[in-house]
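Notes for the one structure printed next.
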Amino acid sequence: MTLASRIKQEAQSALKQLYPDVTIELSMIGVNQTKPEFSGDYNIVLFPFLKLLRQKPDVIGKLLGDKLCEGSDLFGGYEIVSGFLNLSIKDSFWVQYLTANYTNSGYGLKENSRRVMVEYSSPNTNKPLHFGHLRNIFLGAAVSQILKNDGNEVIKANLINDRGIHICKSMIAWQQYGKGATPESTGTKGDHLVGDYYVKFNDAYKAEVAALIDSGVSEKIAEKEAPLMRGAQDMLRKWEAGDKEVRDLWHTMNGWVYKGFDKTYDKLGISFDKLYYESDTYLLGKQLVEEGLNKGVLFKKEDGSVWVDLKDDGLDEKLLLRGDGTSVYMTQDLGTAKLKYDDYHLDQSVYVIADEQNYHMQVLKAILKKMGEPCADGIHHLSYGMVELPTGRMKSREGTVVDADDMVAEMVRLAGEQTEQSGKTEGFTPEELSTLYETIGLGALKFYLLRVDPKKKMIFDPKESIDLHGFTATFIQYAHARICSILRKEHVPQQPDTNIFSGFRQTAELSLMERKIILALEEYTMILQDAANELNPSAVCNYCFQLAQLFNTFYADHSISKAESEEKKQLRLMIIIMTASVLRHGMNLLGIRLPEKM
RNA sequence: GGCCCGGUAGCUCAGCUGGAUAGAGCACCAGCCUUCUAAGCUGGGGGUCAUUGGUUCGAAUCCAAUCCGGGUCACCA
């Protein structure tokens, strides 16, 4: 149990004893950390009790304070300031907490039998990953880890959008302009090569449309009749009919893309437990729609198209099958949702998808619910804001996208540059240095994209690139490296598996910073809990940064090696061991490694 | 226009299940390396928490309205 909740419960039972006739709900008891300008560690707000207890805050505060402190191993004293009961936690409690926990390597792990799927990344196979995908990927991976750490069984899934008109666009452009180019013949990463032809399609198509308009055709007709567009549509029909030549080309080009993606995922340290391909699943929804029709949940219009009426849910009518019987996006998603559920019997299915699809996801869930599908309840849209440039949204057709591979390379380069500038490369082999630069560069990138509340959109200015100072992974990595340096010097293991200071006895009072850090360490499990409940990795980012900040302040005026006594030295070693361990644990959830030297 | 989301320091963001004088980072200014890593630390300036009204002992936080920005409302995905 966390300290804050223990304080709440003790306060409740103390009030029960003091005022047996009155029931005070746990939710009425506000426990907060005391602000630095007041004495004490935690406070209880007295205002909510005034009416119920019919007494002044000073009176209630005194009774409650006395009761709580009486014979307590936890509370050492209190002070009442304008309606707040400021409670001091005994040094002995903090020390006991520290000695009992500093050898931990796991935090917040609990039994939780839920089975959860997290779908993220979900790329199209017509272009390489860009900066916006990175937010999605890091979010999905971090949320998976956070949920797993919370005791859930987590299945990391990737739904690959490998078919459709957009895929045919790069295929036809390659056919017409590629001259047999392959990743090998051009030395280009496969996903980039295919992406180049997607861009080529759009350029050439635009020119075709312009030419048609010049020759007197209306814009609408021109867009439909441009030869490239007709070619792409023709190709899609052939693909659906299973045309061998088209399928072969499709296999080949997607193969190039997958090789490229694998390289990128590998570099990012990202993996999946289950891959779904839309080419396998895109027909699945149709059967579901048939069943819905039979059940009378869906209806057919005169032209044969199938619809669902969601007006009772505050939504609209939605098309599920075209008049010609072909499926739409929603149809596919219905099928995939059911497939996921049938595959794993999920308690929860998390979709990491940008907020532009909020409505779509709402409709998806509503339809499944209406059809009585058991998968409906578990569907949860982890909606995140899109990454924008200072000039607005990234547009692949306008060439304003920031490529993911380029971005990673740039960050690693920056990490190397700064390390060399500050002259910290001594004692590293070239291999160690390149690992270090990747750890720093990639860490900075991940942290930058995870530190903001997912639901908020974010603006990224490539010109300013990403800072390695302040609220960054680098800051946290640096604090960790400093701790490791001290531990090396003192010949103390980073992660002791037994209590190496079993003889420790506390006699000296804790300093302000010593107790502040232990207090922060104690909060960690609660932070993990919140992050898991909210599916919010930014909570972990904020916490780790604050902890590193506390350590740096502590470090600035507390010597460990030359502590004033052996007792203080041991105490501080335990503090920094646990601090480093918590930082590693938290950052590991975010997919960020912490170097021992930097 | 309907629905959804956002608006906090010059910039990027915390804080939002109501609690004390609203916090960080960047940028700017002034200090701190003969002492465990200065990618750090200390201090300083900088705010009408979009606006107005309401609920409350107490509102950045809850409610309503308004303004501004974005998203979405396809037989696209």
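Mind the numbering: the first sequence is residues 2 to 599 in this note's numbering, read in order. Note that CB positions come from ideal geometry on N, CA and C, so glycine has one too. Predicted model only: the values in this text are computed from it and were never measured.
Check: Endpoints, beta strand (DSSP E) assigned at residue 1; Outcome: Residue 1 is absent from the structure shown; the chain starts at 2 and stops at 599.
Check: The region 169-178 / the region 227-242 touching (three or more Cβ pairs under 8 Å); Outcome: yes
Check: Helix, strand or coil at residue 273 [DSSP, three-state]; Outcome: coil
Check: Residue 360 burial status per 10 Å Cβ neighbour count (16 or more: buried); Outcome: exposed
Check: Residue 23 classed as buried or exposed, judged by whether at least 16 other C-beta atoms fall within 10 angstroms; Outcome: exposed
Check: Inter-residue spacing [alpha-carbon to alpha-carbon] between residue 410 and residue 260; Outcome: 18 Å
Check: Beta carbon of residue 1 nearer than 8 Å to that of residue 340; Outcome: Because the chain in this structure spans residues 2 to 599, residue 1 falls outside the shown range and cannot be described.
Check: From 403, 138, 116 and 486, residue whose alpha carbon lies closest to that of residue 269; Outcome: 138
Check: Short Cβ contact (8 Å threshold) for residue 383 with residue 536; Outcome: yes
Check: The region 343-351 contacting the region 360-370, beta-carbon criterion three pairs below 8 Å; Outcome: no
Check: Delimiting residues of the alpha helix (DSSP H) encompassing residue 587; Outcome: 567-590
Check: Separation of residue 32 from residue 580, as counted between CA atoms; Outcome: 24 Å
Check: Three-state secondary structure assigned by DSSP to residue 362; Outcome: helix
Check: At least 3 beta-carbon pairs within less than 8 Å: the region 504-519 vs the region 566-579; Outcome: yes
Check: Bounding residues of the beta strand (DSSP E) (the contiguous stretch that carries residue 120); Outcome: 116-120
Check: Cβ-based burial, residue 204 [other Cβ within 10 Å; buried from 16]; Outcome: exposed
Check: Inter-stretch contact (C-beta, 8 Å, three-pair minimum) for the region 247-262 and the region 295-315; Outcome: no
Check: Beta carbon of residue 559 nearer than 8 Å to that of residue 514; Outcome: yes
Check: Beta bridge counterpart(s) of residue 76 as assigned by DSSP; Outcome: 90
Check: Every unbroken alpha helix (DSSP H) within the region 532-559, with a cutoff of 4 residues, ordered by chain; Outcome: 539-558
Check: Distance between beta carbons of residue 156 and residue 275, contact taken as under 8 Å; Outcome: 6 Å
Check: Chain-order list of residues whose beta-carbon lies under 7 Å from that of residue 417 (same chain, five-residue window excluded); Outcome: 438
Check: Cα-Cα separation, residue 40 to residue 3; Outcome: 21 Å
Check: C-alpha distance - residue 252 paired with residue 355, whole-angstrom precision; Outcome: 28 Å
Check: Alpha-carbon to alpha-carbon, residue 185 and residue 148; Outcome: 41 Å
Check: Rounded separation between residue 72 and residue 91 - CA only; Outcome: 12 Å
Check: Where residue 594 falls, given that 16 or more other Cβ within 10 Å makes a residue buried; Outcome: buried
Check: Rounded C-alpha distance that separates residue 427 from residue 565; Outcome: 32 Å
Check: Pair within 8 Å by beta-carbon distance, residue 47 and residue 76; Outcome: no
Check: Contacting residues, own chain, Cβ-Cβ under 6 Å from residue 314 (five flanking each side not counted); Outcome: 367
Check: Residues bridged to residue 328 (per DSSP); Outcome: 322
Check: Helix, strand or coil at residue 502 according to DSSP, with G and I counted as helix; Outcome: coil
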